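For reference, the structure discussed in these notes is given below.
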Amino acid sequence: MKFFVDTADVAAIAELNDLGMVDGVTTNPSLILKSGRDIIEVTKEICSIVSGPVSAEVVALTSDEMIAEGRKLAAIAPNIAVKVPLTWDGLKTCKVLSGEGFMVNVTLCFSVNQAILAAKAGATFISPFVGRLDDINLDGMELIGDIRQVYDNYAFKTQILAASIRSANHVSQCALMGADVMTAPPNVIKAMASHVLTDKGLDQFMKDWAKTGQKIL
Ligand code: G3P
754 MKFFVDTADV
764 AAIAELNDLG
774 MVDGVTTNPS
784 LILKSGRDII
794 EVTKEICSIV
804 SGPVSAEVVA
814 LTSDEMIAEG
824 RKLAAIAPNI
834 AVKVPLTWDG
844 LKTCKVLSGE
854 GFMVNVTLCF
864 SVNQAILAAK
874 AGATFISPFV
884 GRLDDINLDG
894 MELIGDIRQV
904 YDNYAFKTQI
914 LAASIRSANH
924 VSQCALMGAD
934 VMTAPPNVIK
944 AMASHVLTDK
954 GLDQFMKDWA
964 KTGQKIL
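In terms of the working numbering, the sequence shown opens at residue 754 and continues consecutively.
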C-alpha cells in the first residue's frame, strides 16, 4: 500500500519523506488554509520535495472553470494530480483532464456508485472518506472493501486512495481491505510506530541496563 501524507505542512512532509514514508501528498482547501500559504507557492515547494503524485484541488463548481483551474494547477509540476469533487461537473472535468494526460484524483466519495462513475470518467485515484462516514455512524471501512470488490470485478484501473484516515487502526484496516493508497496526516503515520508493549519493554531494558553499570559509547 502506498502512503500519501495528507497535509500542506512542508516541514512535516520533508521529515517523513527523508524516512521513505511518502509516496505522494494530498492537499485540499482546508489544508491550504491551515498552512497559511499561497496555494501555487506551497504546492510548487511540495512538488520539489516529493517525486510521487501531489494532489492539488480545484475550487470552482462548474466544469469549465474547474478545467481551467485544473490546467493551471497541473502546470505547477509534472507530478500534480488534479483533485476534483465527486459532482457531475467534477466528473466532466475528470474526463477532460484525464484525456489530456493529467492525473486526476476524484475526492469526496461516499458511495460505491460514485466510485464507479469516477472510474468510468478515467480517474487515476478515487478518494473515499473513511472517517467522515464513521462520523455519521456508517462504516467507512466497509466502503473501501466494497469499492475494492467492484473495481476488481470489472478490472477498473482507478486506484483506491483511502482518505479521511484518522487513526493508526484505520491504516492497518485499509491495508487489509486492499486499498491501493492511504492518505493520512503526519501524526497518524507517526502513531503507527507506537505500541504499549514496545514502551513497556523498552522501559524494562533501560532499567536493567542501568543496573549493569555499562556504557556502549
Ligand atoms: O484527504 C481528505 C482528508 O483531508 C479529510 O480528512 O479528517 O478532514 O475528514 P478529515
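For every residue, glycine included, the Cβ atom is placed at its ideal position computed from N, Cα and C. Predicted, not measured: the structure shown is a model, and the values here were computed from it.
What does the alpha-carbon distance come out to for the pair Val859 and Ala876? 6 Å
Per DSSP, which one or two residues make a beta bridge with Val778? Val758, Val807
Coarse secondary structure for Lys836, derived from DSSP in three states: strand
Quick one: give me the first and last residue of the alpha helix (DSSP H) that Phe958 is part of. 949-965
Relative to ligand 1, is the shortest distance from any of its heavy atoms to the C-beta of Asn781 smaller than 7 Å? yes
Going by the beta-carbon positions, is the gap between Ile918 and Val941 smaller than 8 Å? yes
On the DSSP letters alone, give me the boundaries of the beta strand (DSSP E) that Ala937 sits inside. 934-937
Just to confirm the assignment, what range does the alpha helix (DSSP H) spanning Ile969 have? From DSSP, Ile969 is part of no alpha helix (DSSP H); its letter is neither H nor E.
For Ser920, three-class secondary structure by DSSP: coil
Buried versus exposed, by CB contacts within 10 Å (16 or more), Thr796: buried
Give the secondary structure of Val812 by DSSP, where H, G and I count as helix, E and B as strand, and everything else as coil. coil
Touch test, the stretch 952-959 against the stretch 921-937, Cβ-Cβ under 8 Å, three pairs minimum: no
Proximal residues to Ser862 (C-beta, below 6 Å), its chain only, five neighbours per side dropped: Checking the sequence shown, residue 862 turns out to be Cys, not Ser. Answer for Cys862: Leu839, Ala868, Ile879, Ser880, Pro881, listed in chain order.
Going by the CB atoms, is the gap between Pro939 and Thr732 shorter than 8 Å? No answer is possible for residue 732: the residues shown for the chain start at 754 and end at 970.
Can you pull the DSSP bridge partners for Val973? This structure cannot settle anything about residue 973, because the visible part of the chain is limited to 754 through 970.
Ligand 3 heavy atoms versus the CB of Ala916: any closer than 7 Å? This structure does not include ligand 3; its bound ligands are ligand 1.
Tell me whether Leu995 sits in a helix, a strand or coil according to DSSP, three-state version. Past the boundaries of the shown model lies residue 995; the chain is included only from 754 to 970, so the question cannot be answered.
For Met945, tell me which candidate among Asn922, Lys960, Trp962 has the shortest Cα-Cα distance. Asn922
Within 8 Å, do at least three Cβ pairs link the stretch 900-911 to the stretch 820-829? no
Between which two residues does the alpha helix (DSSP H) containing Thr846 stretch? 841-852
Where does Ser864 fall in DSSP's three states? coil
Measuring straight from C-alpha to C-alpha, what distance separates Lys755 and Lys968? 40 Å
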